[in-house]
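Protein chains: 2
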Amino acid sequence: MNSWGDERIQLGHGGGGRMTGRLIRDLILPYLDRGHLRILPDAALLTDLQGHLAYTTDSFVVSPIFFPGGDIGSLAVHGTCNDLACGGARPRFLSLGLILEEGLPLNDLQTIIQSIAAAAEKAEVEVVTGDTKVVPKGSADKIFINTSGIGVVEALPAPSMERIEPGDHILLSGPVGNHGLAVMLSRAEFSFDFNLVSDSASIWPVVQRLVALGPALKFLRDPTRGGLAATLTEMASASGLGVRVHESAIPLDTSVVAASEILGIDPLQAANEGKVVAVIDGEKSQEALNLLRDCDLALGATIIGEFIPDRPKMVVMRTRIGGERIVPEPSGELLPRIC
Amino acid sequence: MNSWGDERIQLGHGGGGRMTGRLIRDLILPYLDRGHLRILPDAALLTDLQGHLAYTTDSFVVSPIFFPGGDIGSLAVHGTCNDLACGGARPRFLSLGLILEEGLPLNDLQTIIQSIAAAAEKAEVEVVTGDTKVVPKGSADKIFINTSGIGVVEALPAPSMERIEPGDHILLSGPVGNHGLAVMLSRAEFSFDFNLVSDSASIWPVVQRLVALGPALKFLRDPTRGGLAATLTEMASASGLGVRVHESAIPLDTSVVAASEILGIDPLQAANEGKVVAVIDGEKSQEALNLLRDCDLALGATIIGEFIPDRPKMVVMRTRIGGERIVPEPSGELLPRIC
Chain A
1 MNSWGDERIQ LGHGGGGRMT GRLIRDLILP YLDRGHLRIL PDAALLTDLQ
51 GHLAYTTDSF VVSPIFFPGG DIGSLAVHGT CNDLACGGAR PRFLSLGLIL
101 EEGLPLNDLQ TIIQSIAAAA EKAEVEVVTG DTKVVPKGSA DKIFINTSGI
151 GVVEALPAPS MERIEPGDHI LLSGPVGNHG LAVMLSRAEF SFDFNLVSDS
201 ASIWPVVQRL VALGPALKFL RDPTRGGLAA TLTEMASASG LGVRVHESAI
251 PLDTSVVAAS EILGIDPLQA ANEGKVVAVI DGEKSQEALN LLRDCDLALG
301 ATIIGEFIPD RPKMVVMRTR IGGERIVPEP SGELLPRIC
Chain B
1001 MNSWGDERIQ LGHGGGGRMT GRLIRDLILP YLDRGHLRIL PDAALLTDLQ
1051 GHLAYTTDSF VVSPIFFPGG DIGSLAVHGT CNDLACGGAR PRFLSLGLIL
1101 EEGLPLNDLQ TIIQSIAAAA EKAEVEVVTG DTKVVPKGSA DKIFINTSGI
1151 GVVEALPAPS MERIEPGDHI LLSGPVGNHG LAVMLSRAEF SFDFNLVSDS
1201 ASIWPVVQRL VALGPALKFL RDPTRGGLAA TLTEMASASG LGVRVHESAI
1251 PLDTSVVAAS EILGIDPLQA ANEGKVVAVI DGEKSQEALN LLRDCDLALG
1301 ATIIGEFIPD RPKMVVMRTR IGGERIVPEP SGELLPRIC
């Protein structure tokens, strides 16, 4: 399917001259151009944005660059779409910054660009501006991608940490840990298969349904680096409230449980890129679950806990056997280059 | 002045947990936060943007990361501001994506962040959203920076390659080659000093004055990678017209001429980040120069050539001795990692 044979990225592909032009024209634009990219302006002109905008950026350094369920390209699109969605915004436009290592096979780059195009089309976003740099062999690891994004805020009032109150419920859109463990497993050399794939996806369709809750939708976060544990501890710390979660309520696929035991990784600390944590007025949380009933991306959505006035800034987990333990903030050292 | 002693970036600084939080809170926010960054939302909320927007992205991989006249941080701010300015837009908001190599001294990072803050303040832009990733030692080269930016278009009609016509003049805002040669010189080990500093700066003040020309301002481009030669050949190729430039009219500092002869680099192919090429209705080019008379960033602004109906897609240079030569598109292999 790919058409570049043995060709590899050379330093000249990043020099801004003829080779750069050919790379962009022949390998990138055929997949990504929807009108804005064709003339390669210094900046894209956006004429139809109305209302409040959300703006975000994310760099992706995941290793390996191809993993079950996705690759660095689809992950970059989803990651930025999801940051916008967590701002209550419909993702609209993306920028794409590529840092390529000399020697990267052009066929690999083509696969990644195709994957970006497919993910962007599915997420209904358009890549409107981009940049390509090349560094010498050994100065990067194959490919790093930065995507920034602009979305139009549809959740009003805008979701904000400051709106969280005691009694609010914490909704999780589905099982966690799949992305992080799929990537970790694809790094290791295992002799058996857990059948684990990344959950990478754009979660705007989930958020879009929750927007119907109006002011009862208080806050949104996608539990990426540091996983659900980092999201919970961050919400407790920033809101100044306590968070109580119920271990038995947190959905985990059996393959995630099995892989996490073998790898010695807490699945609550493993990154996700297709799930969302929503904070919802406690009286409206059942309505929220009803709104998600027909949403493929929210299979397994459930209420996992609530904000409480005591235990300020702490996350307390009710364990399966009826005890309590404190969920600590992940230190961040366990899972490098997971996104 | 810097406060981090011997501390260096560790993998845990990129994990999204406690160490990431501390790095961002203690080393980044004190310099960059102007309100949007403090609560570290997934996406920044922009509520006061009206009109047509320009949107761009650029990754910076310059080596060395510190050079006379700037560093990778100030360069990243200027580069993105200048792409917006070339879209006829006043730069307003930036995103900042950092990819850090394990082992980077925190004092170096602090210097770069301070430099970003100073450049952003001078350019009157605000960093509103960011991301920090860490890769293992040997998987990157110290630090790579991606900045994307949003600006509000003030040049109406928007500058566009398609508006260029035969008879239009080509204005250059000042001497070229300084940035590229300053960076190349700082890589080499020379026993004497050319006193060459990068021209890195935000060129919006130049563009802002040219906006007063109205429709007579046809097109803008900042001659970065591939230098003035790449900008000229690109304009010829994309407009389908010929470009005639006058060698004697192209301003070059004597230090640039001297350094380019020693390094064997054509100064017209060396990158700039503080100059702009403007295409202006031939009858208004003197008015354009008058508008720039009081502008510090446009000292040495001059008309270097014009678009011609014959010689389609070619750049013809009238040499000092009265001959003609064709300016080829730079291949891009000569000057890696210049921005």
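If you read the sequences in order, they're chains A and B. Oh and the first sequence: position 194 is 194 in this note's numbering, straight run, nothing missing. Converting from the second sequence to this note's numbering requires adding 1000 to each position, the first position being numbered 1. For every residue, glycine included, the Cβ atom is placed at its ideal position computed from N, Cα and C. Because the structure is a prediction, the values reported are computed rather than measured.
Check your understanding: How about residue 1240(B) and residue 1310(B): do their beta carbons lie closer than 8 angstroms?
Key -> No.
Exercise for review: Mark residue 1285(B) as exposed unless 16 or more other C-beta atoms lie within 10 angstroms of its C-beta, in which case mark it buried.
Suggested key: buried
**Study point:** Exposure of residue 1002(B), with buried meaning 16 or more beta-carbon neighbours within 10 Å
**Key:** Exposed, by the Cβ-count rule.
**Study point:** Secondary structure of residue 54(A), DSSP reduced to three states
**Key:** strand
Practice item. Please check if any C-beta of chain A sits within less than 8 angstroms of the C-beta of residue 1348(B). Key: Since the first residue of chain B shown is 1001 and the last is 1339, residue 1348(B) is not available in this structure.
Review point. Do we get a CB-CB distance below 8 angstroms when we pair residue 105(A) with the residues of chain B?
Key: no
Point to revise | Pair within 8 angstroms by beta-carbon distance, residue 1257(B) and residue 1305(B) | key: A distance of 8 angstroms or more separates the beta carbons of residue 1257(B) and residue 1305(B).
Review point. Which residues of chain B have a Cβ atom closer than 9 angstroms to the Cβ of residue 86(A), listed in chain order?
Key: Contact note: residue 86(A) reaches chain B through 1041, 1042, 1043, using a C-beta cutoff of 9 angstroms and chain order.
Point to revise | Burial state of residue 249(A) (16 or more Cβ within 10 Å) | key: exposed
Check your understanding: If you measure from the beta carbon of residue 1058(B) to each beta carbon in chain A, is any gap under 8 angstroms?
Key -> yes
Review point. Pairing CB atoms from the stretch 231-238 of chain A with CB atoms from the stretch 107-121 of chain A, are three or more of them under 8 angstroms?
Key: no
**Study point:** Straight-line gap, residue 307(A) to residue 169(A) (C-alpha atoms, nearest Å)
**Key:** 7 angstroms
Exercise for review: Could you name the residues that DSSP lists as bridge partners for residue 1091(B)?
Suggested key: 1151(B)
Point to revise | 6 angstroms Cβ shell around residue 1130(B) - same chain, five flanking residues per side excluded | key: Closer than 6 angstroms at the Cβ level, and outside the excluded window around residue 1130(B), lie 1096.
Practice item. Pull out every residue of the stretch 268-302 of chain A whose Cβ sits closer than 9 angstroms to any Cβ of chain B, in chain order. Key: Cβ contacts with chain B: 269, 271.
Practice item. Look at the Cβ atom of residue 1198(B), then the Cβ atom of residue 1070(B), and state whether they are nearer than 8 angstroms. Key: yes
Check your understanding: Roughly how many whole angstroms lie between the Cα atoms of residue 232(A) and residue 1065(B)?
Key -> 37 angstroms
**Study point:** Closest Cα partner of residue 149(A) within the set 283(A), 328(A), 260(A), 53(A)
**Key:** 53(A)
Check your understanding: Candidates 1006(B), 1272(B), 1094(B): which alpha carbon is nearest residue 1103(B)'s?
Key -> 1006(B)
**Study point:** Distance CB(residue 1152(B))-CB(residue 1051(B)) smaller than 8 angstroms
**Key:** yes
Check your understanding: Exposed or buried, which one is residue 319(A) when buried takes at least 16 other CB atoms within 10 Å?
Key -> exposed
Review point. For residue 1324(B), does the three-state DSSP call read helix, strand or coil?
Key: strand
Review point. Is the distance from the Cβ of residue 12(A) to the Cβ of residue 1331(B) below 8 angstroms?
Key: Cβ distance < 8 angstroms, so residue 12(A) and residue 1331(B) count as in contact.
Check your understanding: Of the choices 30(A), 218(A), 100(A), 28(A), whose alpha-carbon is the least far from that of residue 370(A)?
Key -> This structure gives no information on residue 370(A), because the portion of chain A shown stretches from 1 to 339.
Review point. Can you give, in chain order, each stretch of the alpha helix (DSSP H) that sits fully within the stretch 70-144 of chain A and has at least 4 residues?
Key: 72-86, 106-123
Review point. In three-state DSSP terms, what is residue 1280(B)?
Key: strand
Review point. For residue 87(A), which residues of its own chain have a beta-carbon under 6 angstroms away from its beta-carbon, when the five flanking residues on both sides are left out?
Key: 54
**Study point:** residue 1132(B) versus residue 220(A) - alpha carbon distance
**Key:** 21 angstroms
Point to revise | Min CB distance residue 146(A) to chain B below 8 angstroms | key: yes
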